[in-house]
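For what it's worth, the working numbering labels the leading residue of the sequence shown as 1259, then goes sequentially.
Backbone N, C-alpha and C fix where the C-beta goes; we use that ideal spot for every residue, glycine too.
What follows is a set of notes on a single structure, which appears directly below.
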Amino acid sequence: MLKMGKESETLFTIHLDGRITAAEMNAELDKLLEMSADVKGGRLLYDVRNFKMPEFGALVVEFRKLPALLGLIRRFDKAALLAEEAWLRKFAEWEGALFPGLEIRSFSHDEEQAAREWLMA
């Protein structure tokens, strides 16, 4: 399951639970691109539970939308990942180094309040 949401003008949520299908990836990425079209200084709260590799078709969808997604990244200043898997948290922080202007930090689920406070600081 993949669901995008918007909690405020600048705070967006991404909820991932289990395997992502191509249809979910297509619909939810379009939703995020549309919701964040006019955002500057946005914040992302990415909640990952029960991580499983996406279906191959979902990866194809993401690759096809890569130019738009790279533009999307510039709309955001901070992203917080909530996950229990240590390797996912490390990967997210490493990924942050690839995108100048986007600071990524990772937290466990029991640190959600700290993640939200960091995002809004």
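Exercise for the section: Give the secondary structure of L1260 by DSSP, where H, G and I count as helix, E and B as strand, and everything else as coil. Expected result: The sequence position of residue 1260 within the sequence shown is 2, counting from 1. It is a strand residue.
Problem - Sequence-distant residues of its chain with Cβ nearer than 8 Å to L1330 (five each side left out) - result: The residue labelled residue 1330 in the question sits at position 72 within the sequence shown. Excluding sequence neighbours, L1330 sits near L1290, L1291, S1294.
Exercise for the section: Answer yes or no: do F1321 and L1360 have a C-beta to C-beta separation smaller than 7 Å? Expected result: The sequence position of residue 1321 within the sequence shown is 63, counting from 1. The sequence position of residue 1360 within the sequence shown is 102, counting from 1. Cβ distance not < 7 Å, so F1321 and L1360 don't count as in contact.
Practice task
Could you tell me whether the Cβ atoms of E1313 and A1280 are closer together than 7 Å?
Solution key: Position 55 of the sequence shown, counting from 1, holds the residue named residue 1313. Position 22 of the sequence shown, counting from 1, holds the residue named residue 1280. Going by C-beta atoms, E1313 is nearer than 7 Å to A1280.
Practice task
Could you name the residues of the same chain whose beta carbon sits closer than 7 Å to that of M1283, not counting the 5 residues immediately before and after it, in chain order?
Solution key: For the purposes of this step, residue 1283 is identified with residue 25 of the sequence shown, where counting begins at 1. Excluding sequence neighbours, M1283 sits near L1260, P1312, A1316, V1319, E1320.
Problem - Sub-7 Å separation of A1350 and I1362 beta-carbons - result: Locating residue 1350 in the sequence shown gives position 92, where the first residue counts as 1. Locating residue 1362 in the sequence shown gives position 104, where the first residue counts as 1. Yes, these two residues count as a Cβ contact at 7 Å.
Handout entry: Separation of A1338 from L1303, as counted between CA atoms
Key = What you label residue 1303 is simply residue 45 of the sequence shown in a count that begins at 1. What you label residue 1338 is simply residue 80 of the sequence shown in a count that begins at 1. L1303 and A1338 have their C-alpha atoms roughly 5 Å apart.
Practice task
Decide if K1310 is buried, meaning its Cβ has at least 16 other Cβ atoms within 10 Å, or exposed.
Solution key: Here residue 1310 is taken as the residue at index 52 of the sequence shown, counted from 1. Answer is exposed; the Cβ neighbour count stays below 16.
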